[in-house]
Amino acid sequence: MCGIVGAIAHRTVTPVLLEGLKRLEYRGYDSAGIAVLDQDHTLLRTRRIGKILELEAALQQAPLVGRIGIAHTRWATHGVPSERNAHPHVCRERVAVVHNGIVENYEALRGELQAKGYEFTSETDTEVIAHQIDVFLEQGLPLLKAVQATCGVLRGAFAIGVISSAHPRELVAARQGSPLVVGLGDSENYIASDVFALVAETQRFLFLEDGDTAVLTTDGVEIYDAAGAAVERPVHETRIAADAVERGEYRHYMQKEIHEQAIAVEKTLDGRYQGERLLDEAFGDTAAAIFDQVRNVQIVACGTSYHAGMVARYWMEEIAGVPCQVEVASEFRYRRHVVQPGTLFVTISQSGETADTLAALKQARLIGYTHTLAICNVPESSLVRESELALMTRAGPEIGVASTKAFTTQLTALLLLVIAIGKRNGISKEREVAIVRELHRLPSQIEQVLRLEPEIVKWAENFGDKKDALYLGRGMHYPVAMEGALKLKEISYIHAEAYPAGELKHGPLALIDDQMPVIAVAPNNELLEKLKSNLQEVQARGGELYVFADVNAPLESMAGVKLLRVAEVNDVLAPIIYTIPLQLLAYHVALIKGTDVDQPRNLAKSVTVE
Ligand code: HGA
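See below:
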């Protein structure tokens, strides 16, 4: 959330900043701004409420020209989305700051700074940073030292970029908890919230660690650790292509990403086997020895990744026979735990920068979880760097705020983990090979289920005037139903709930009437008969039923039910396949509702604040 870009060069940096902001817009889109120092070292700033297009239009009218600058796209935490709250925030035309994160002690700092005569023009927590840096500059500190001293008084998580008219040849950055990368160019250097922002300029990056500050000039980059000592951080070459984030022929990124799932799953499986046997090394060099000791699994994640974890719990206990708990990270991190010996602590996050998940990982290490593994889509992310083992999903950049291909590749990766642990716990070679064979068929089955789209478009038409929807599933299809409900609410703003179908009569049945569509996930498994009874209960009360079932599910007898047949699929892999029609349904309902599909209101991707 919130995207930061900064650049220093021998050319004007505004196009670099603007392109970077466009690539970061998925992180926040309520307002945006840019500040540069012109050739006389005067600080110039333009900010606009709304999307980056608004800022771009303003800059076309009145260009900002400067060889050093910072820019920001905002997802408000403190203060409404407005031009006055948009970043960069400035102090006395001398310091400009962009910030991702939350300054937890901003109220106390604001009081102190006001007492010193500083005037505030916004409601943000960020503005204290600009004024506090100015306090230290006034005391005669150079810019780097002023930023370091400021970081010393700030509490909370932040990543910042700073420029000052008093130090026009330096861009200073700092990272404490929120993501920040440094891009290395030829006689120009950059900062950004992630590498995507800069791949049009460079493929070479340094990753700042928590507590680091950096000084960028046109000649190079110096990095200092939390103690203020000069440090070297390794240079990484990214393989992300500059055009990997183009939308192509699709109307929305979300639609493109739904259709990319077969290939994303194929890439996630690629090279992870020898013949039909899973390679432990896919998880890291020390994985085999660690997996030998695993007696329990604790999964922690947020949102869609949490739903992936819930599916994995069924797999882990049913297939691997290993106890598995799943918890949302924001709950896990703030309660006491009884740590079972031999527990593998697994985190799941698309971005690898999810603030609560990262904090839960740190907490887990402190309280005695010895082995950690991340399932993640971004190899350079904090989560991967801070985990002992990692299995990368290879979904490619996911830009749509509502996660799709990240989820199905997470499930694929989690199933590999289940096999790896299960092998040590009695899964037979035959079972392993059978699951691996099914995994190989998965991409073509995904292609097949995507062909249901025209029929789902017709179903979606019935949802345009709906206010609520109920999703039902049983067993490992309950989390699939949860994910379907989450997709619908995220992008169509229809209130949607998911229930395990057996829970209907314990309350939600009271909601059923002819205005309440009920969407059921009904593969032909041992729970189908039970689910059928639950669906009868809905029908008997006038509820409108939309059922996704497989070709052999005996549901013909249920007159009046809207039924879509999914090709027969192996029980274990069914959660991956059944997720896809639910994604398509949410997408097409959102189109009918005319919402902003890729950037739904109030949300943003890569949730880097608590
Ligand atoms: N707290 C700052 C920055 C918000 C942020 O990082 N969101 O992800 C603000 O409200 O402007």
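Every number in my numbering is 2 more than the matching position in the sequence shown, counting from 1.
In this text, a Cβ means the ideal position worked out from N, Cα and C, and glycines have one as well.
Annotation for Q450: A569 place their beta carbon closer than 7 Å to its own, counting only its chain and skipping 5 residues before and after. Here N298 carries a strand assignment [DSSP, helix/strand/coil]. Taken in chain order, the complete beta strand (DSSP E) segments of 3 residues or longer contained in the region 4-87 are 5-10, 33-39, 45-51, 70-76. DSSP, read as helix, strand or coil, puts Q178 in strand. Within the region 514-545, the complete alpha helix (DSSP H) segments at least 4 residues long are 530-541, listed from N- to C-terminus.
H497 is classed as exposed because its beta carbon has fewer than 16 other beta carbons within 10 Å across all chains shown.
Per DSSP, C153 is one residue of the alpha helix (DSSP H) stretching across 145-155. Residue range 407-424 is occupied by the alpha helix (DSSP H) that includes T411. Of the heavy atoms belonging to ligand 1, none sits nearer than 7 Å to the Cβ of N298.
Under the 8 Å Cβ criterion, the region 324-339 does not count as touching the region 573-588, having fewer than three qualifying pairs. Rounded to whole angstroms, the Cβ separation of T220 and E190 is 6 Å, and the two are in contact under 8 Å. Distance from the CA atom of E248 to the CA atom of G52, rounded to whole angstroms, is 22 Å.
The alpha carbon of S389 has as its nearest neighbour, out of T288, W317, T16, I72, the alpha carbon of T288. Taking a 10 Å sphere around the C-beta of D600, we find 16 or more other C-beta atoms and assign the residue as buried.
The beta carbon of R274 is closer than 7 Å to those of L280, L281, A284, L418 in its chain, skipping five residues each way along the sequence. In the structure shown, G273 adopts coil according to DSSP, grouped into three states. The beta carbon of E85 sits closer than 6 Å to the beta carbons of R49, I51 from its chain, once the five residues preceding and following it are set aside; these are given in chain order.
The C-alpha of T128 lies about 27 Å from the C-alpha of V380.
Note on Q134: 16 or more other CB atoms within 10 angstroms of its CB, so buried under the neighbour-count rule. Shown here, F122 sits in coil according to DSSP, grouped into three states, outside any helix or strand. Of the other Cβ atoms in all chains shown, fewer than 16 fall within 10 Å of the Cβ of L55; this residue is therefore exposed.
Contact check for R235 against L200 fails: the beta carbons are separated by 8 Å or more. The alpha-carbon of E172 is positioned some 31 Å away from that of P399.
The residues V482, A483, V523, in chain order, have a CB closer than 6 Å to that of G475 in the same chain once the five nearest residues on each side in sequence are set aside.
The beta carbon of E492 sits closer than 6 Å to those of A404, P602, all from its chain and outside the five residues before and after it, given in chain order.
Note that the C-beta distance between T126 and F138 is not below 8 Å. Residue range 455-462 is occupied by the alpha helix (DSSP H) that includes K460. In the three-state DSSP reduction, L173 falls in the strand class (E or B). Excluding sequence positions up to five before and after S351, its CB lies within less than 6 Å of the CB of S307, T359, C378, L385, all in the same chain and listed in chain order. Of the residues I437, A34, A397, the one whose Cα lies closest to the Cα of T270 is A397. V591 places its beta carbon 8 Å or farther from that of A500.
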